[in-house]
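Let me begin by presenting the structure, written as structure tokens, before commenting on it.
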Amino acid sequence: MRVGKVFDLFFAAGVVWLRDKPADDFVEKMRSVVDDAQVFDADSILDWDVFDAALMNAVLAVKASRQRARSLSTEVLMRLAATTQISEAIAKVGLKPGSMRAVFLVVGSSREQVEEKGAKVLSLAGGGETDLPKNPDQTRFEELYGVSEKVYKSVQAKTSIEALKLAIMQKIASTLI
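Numbers in our numbering are just positions in the sequence shown, counted from 1, shifted up by 29.
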């Protein structure tokens, strides 16, 4: 589990195995036990850098009173999907039926609070923690974010996956405007 602080807000995020737990059941249990939490489909997140960019973008939007959602965790969902439409965000990066792994995010006012919330989420998922997928499918993320190979090949980066990541982060940042 990753724990951090952005301005005066603390967060915990991690990836849990759902294994035999239906995604809908996990979401319902989590929302009933943990306040201001959000879950995402782990296969819809390129890497932690992209997640962190969405988190920072959401916090900046909230701090500037330019958020489009009622909670920070929902704002992160929309920023991560690089959209201002909640239904589109859920379709792009929300947890889907049959998902085997979920990324969770909890926010709070202290490190202890988010660590406790994160531990509850891990417990609800059965305690199995994992990480984001390795070697992501570039084509899937091109389609998910509407970034063509032509666009991200023009980005200066060492590898094509790094260029794609930067192009996605640019799309996320543009939702702040």
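Here a beta-carbon is modelled for each residue, glycine too, at the ideal position from N, C-alpha and C.
Note that the coordinates shown come from a computational prediction; the quantities given were computed from them, not determined experimentally.
Hey, is residue 58 close to the ligand SAM, as in C-beta under 8 Å from one of its heavy atoms?
The ligand SAM is not among the ligands present in this structure, which contains no ligands whatsoever.
Is residue 104 buried or exposed, if buried means 16 or more other CB atoms sit within 10 Å of its CB?
buried
Would you tell me roughly how many angstroms separate the C-alpha atoms of residue 182 and residue 62, rounded to the nearest one?
44 Å
Taking 9 Å as the threshold (C-beta atoms), are residue 52 and residue 132 in contact?
no
Closest residue to residue 151 among 139, 138 and 130 (Cα-Cα distance)
130
Could you check where the alpha helix (DSSP H) with residue 101 kicks off and where it finishes?
101 to 109
Close-in-space but distant-in-sequence residues of the same chain around residue 106 (CB under 6 Å, 5 per side omitted)
67 and 118
Nearest by alpha-carbon distance to residue 154: which of 189, 144 and 54 is it?
54
Residue 170 in three-state terms, based on DSSP
helix
If I'm right that residue 46 touches residue 161 with Cβ under 8 Å, what's the distance once you round it to whole angstroms?
About 13 Å separates the two Cβ atoms, so there is no contact after all.
Since residue 33 sits in a beta bridge, which residues does DSSP pair it with?
40
Would you say the stretch 83 to 99 touches the stretch 196 to 205, given that touching needs at least three Cβ pairs under 8 Å?
yes
Can you round the beta-carbon distance between residue 39 and residue 139 to whole angstroms, since I take them to be within the 8 Å contact cut?
6 Å
Measuring alpha carbon to alpha carbon, tell me which residue in 184, 56 and 100 is nearest residue 136.
100
Can you tell which of 97, 176, 171 and 70 has its C-alpha closest to the C-alpha of residue 127?
70
Excluding sequence positions up to five away, which residues of its chain have a Cβ less than 8 Å from the Cβ of residue 114?
107
From the DSSP secondary-structure annotation, give me the bridge partner or partners of residue 77.
DSSP output for residue 77 lists no bridge partner at all.
How many Å lie between residue 184 and residue 200 at the Cα?
13 Å
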